Amino acid sequence: MKMLDFISIVAAAALLASCGGKQDAAREASDAPAQAVVNFNADSAYAHVKAQCDFGPRVPSTPAHEQCGAYLEAQLARYCDTVYTQHADLTTHDGKVLHATNYIGVINPDAEKRILLMAHWDCRPWADNDPDPAKRHMPVMGANDAASGVAVLLELARIMKQKRPGVGVDILLDDAEDWGTDSIDESWALGTQYWVHHTHVPYYAPMYGILLDMVGAKGATFYQEGFSVDAAPSLVESIWATAADAGYGKYFIAQKLGYVTDDHKPLIDNQIPCVDIVDMRQSPSGFFSGWHTTHDTLDNIDKGTLKAVGQTVANFIYSIQQ
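One point on numbering: in this note's numbering, the residue at position 202 of the sequence shown is 202, and numbering is uninterrupted.
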């Protein structure tokens, strides 16, 4: 993904400074969390992050990518009613042909009301944001930028097998998101672009989607992403309110902060409302310090952040009525 609108970050910084009292009050109000229907296990999610990283960088068309894909398919098969596998040869902006695979796990396949949960599972082939120029040709391990979102979804799948939600849930682990270049918006999210035109079942029409991207780093801040707010304002409001009710207001900050080109954009462009829960920072890149560097490693993953995101999404899912 890339940060599309940096100006809004600067503007929001001034707004946050002027509204600090309100933010503090909101955080204090969330000190007594609402009782959860299910318990999201951050240790389990962390184990899934580690398992992915143990394969090495999951760059498309590499052995590590193929091995991790088999692991993800097996995990979805453990927890979901049905698993679909999509193979596609996708051409990148620099002319490479990637052997990409999307995995879709289906829970409650007969439910008419459906929501889509998604995260990309591939890693960036070059650490082009690394502070050391000598390392910018190296692949990114992707502990946060890939593995964390996938790990949260796998733990949610385990929970939903044990306690069925009131709606149908589809989990899309999409491939080939991170081979993009800043000069071409369409060079990102190749696997999702393929999926929206080749959905796993005909005429697939979820109520909405929720994308998890970079949801495991220490000190994460989940501001409200611009395309999400524009496309699904009530959904954004509901998710952030759910986080506050659960006591996670320090992570989920109810302020719009920048536009991110990410996997939710192809869905929005094809009339599927989708919200991107993505770690955005007031930093030069707009993201966490390890973004697209060789420092996006397991030692920078925080179980507290995984818990905040996973429990919030779980609480939201179980609040949906049939």
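Even for Gly, the Cβ is constructed at its ideal location relative to N, Cα and C.
Just so we're clear, the structure is a prediction, and the values are computed from it rather than from any experiment.
Please give the ranges of any beta strand (DSSP E) in the stretch 70-105, keeping only runs that are unbroken, at least 3 residues long and fully inside the region.
Unbroken beta strand (DSSP E) stretches of 3 residues or longer found wholly inside the stretch 70-105: 82-91, given in chain order.
Alpha carbon to alpha carbon, how far is residue 198 from residue 85? Give it in angstroms, no decimals.
The straight-line gap from Cα to Cα measures roughly 12 Å.
State the CB to CB distance for the pair residue 265 and residue 147, rounded to an integer number of angstroms; the pair is presumed to be in contact (CB under 8 Å).
Taking 8 Å as the upper bound for CB-CB distance, residue 265 and residue 147 are not in contact here, some 22 Å apart.
Looking at C-beta atoms only, is the number of pairs between the stretch 280-289 and the stretch 215-227 that lie closer than 8 Å three or more?
Contact between the stretch 280-289 and the stretch 215-227 is present, because at least three Cβ pairs lie under 8 Å.
Nearest to residue 50 by CA position, among 143, 211, 126 and 162, is which residue?
Ranked by how close their Cα comes to the Cα of residue 50, the residues 143, 211, 126 and 162 have 143 in first place.
Output the residue ranges of the alpha helix (DSSP H) runs that lie fully inside the stretch 122-175 and measure 4 residues or longer, sorted by chain position.
Unbroken alpha helix (DSSP H) stretches of 4 residues or longer found wholly inside the stretch 122-175: 149-162, given in chain order.
Comparing C-alpha positions only, which one of 191, 230, 159 and 149 sits nearest to residue 326?
The first residue shown for the chain is 1 and the last is 322, placing residue 326 beyond what the model contains.
Grouping DSSP H, G and I as helix and E and B as strand, with all else coil, what is residue 37?
Residue state, collapsed to three classes: coil.
Give me the DSSP bridge partner(s) of residue 276.
Bridge partners of residue 276: 211.
Is the distance from the Cβ of residue 104 to the Cβ of residue 172 below 9 Å?
Yes.
With distances taken between CB atoms, is the gap from residue 64 to residue 57 smaller than 9 Å?
Cβ atoms of residue 64 and residue 57: closer than 9 Å.
Is residue 65 helix, strand or coil when you go by DSSP?
Residue 65: helix per DSSP, three-state reduction.
Residue 119 - DSSP class collapsed to helix/strand/coil:
DSSP places residue 119 within a strand segment (E or B) once states are collapsed to three.
By the three-class DSSP mapping on this structure, what secondary structure does residue 59 have?
Here residue 59 sits in coil by DSSP.
Could you name the residues of the same chain whose beta carbon sits closer than 8 Å to that of residue 165, not counting the 5 residues immediately before and after it, in chain order?
Excluding sequence positions up to five before and after residue 165, its CB lies within less than 8 Å of the CB of 107, 108, 317, 318 and 320, all in the same chain and listed in chain order.
Nearest-angstrom Cα distance between residue 325 and residue 145?
Since the displayed the chain opens at 1 and closes at 322, residue 325 lies outside it and no answer follows.
Where the alpha helix (DSSP H) through residue 189 begins and ends
Counting along the chain, no alpha helix (DSSP H) covers residue 189, and no H or E run does either.
Does residue 316 come within less than 9 Å of chain B when only Cβ atoms are used?
Absent from the structure is chain B; it holds one protein chain and no more.
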